[in-house]
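Report on the structure given below.
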Amino acid sequence: MSSGGKSAGKSAPAVASKGSSSRSAKAGLQFPVGRIHRLLRKGNYAHRVGSGAPVYLAAVLEYLAAEILELAGNAARDNKKSRIIPRHLQLAVRNDEELSKLLGSVTIAQGGVLPNIHQNLLPKKKKGVSESEA
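For this note's numbering, count along the sequence shown from 1 and bump the result up by 1069.
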């Protein structure tokens, strides 16, 4: 008598059951494949949703999140901080050409702006001072 993949006994640990494993675990992902599948079905994007679509979408979202978090972590470390704040996310996204293009119309709350001083506003360099120092 087959029980459809889940063990009926509550005393057995969940790890020991060989039939039940999430689609996220099968795909080696951290993002929830089942939840994304449900949201795709519920969101009126199409009449039917294939079984591979939520896995692919979860993988893409996980990759983008990991990429942004890695760059934001580097920005936090550059500022000698151990916690990522929205400013670090803003610096990470805007300093990366591809992410800046992807998230060009996105406003990050409390992100601030990139430090930038126009070339005409900088003090003029004197030729005589630089030649005498060299």
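Note that CB positions come from ideal geometry on N, CA and C, so glycine has one too.
Proximity of residue i and residue j at Cβ, strictly below 7 Å
i: G1180; j: R1152; result: no
i: A1144; j: L1160; result: yes
i: I1177; j: L1158; result: yes
Residue range of the alpha helix (DSSP H) that includes residue i
i: H1106; result: 1102-1111
i: H1157; result: 1155-1164
i: V1129; result: 1122-1147
i: R1092; result: 1092-1096
Residues of its chain near residue i, where Cβ-Cβ distance is below 8 Å and the 5 sequence neighbours each way are ignored
i: S1093; result: Q1099, F1100, P1101, V1102, G1103, A1127
i: K1150; result: H1157
Own chain partners of residue i with C-beta closer than 7 Å, once the 5 adjacent residues on each side are dropped
i: P1123; result: V1102, I1105, H1106, L1109
Supposed close pair residue i, residue j - CB separation, criterion 8 Å
i: L1172; j: V1182; result: Contact doesn't hold; Cβ gap of about 15 Å is too wide.
i: L1130; j: D1165; result: So it is not a contact: roughly 17 Å between Cβ atoms.
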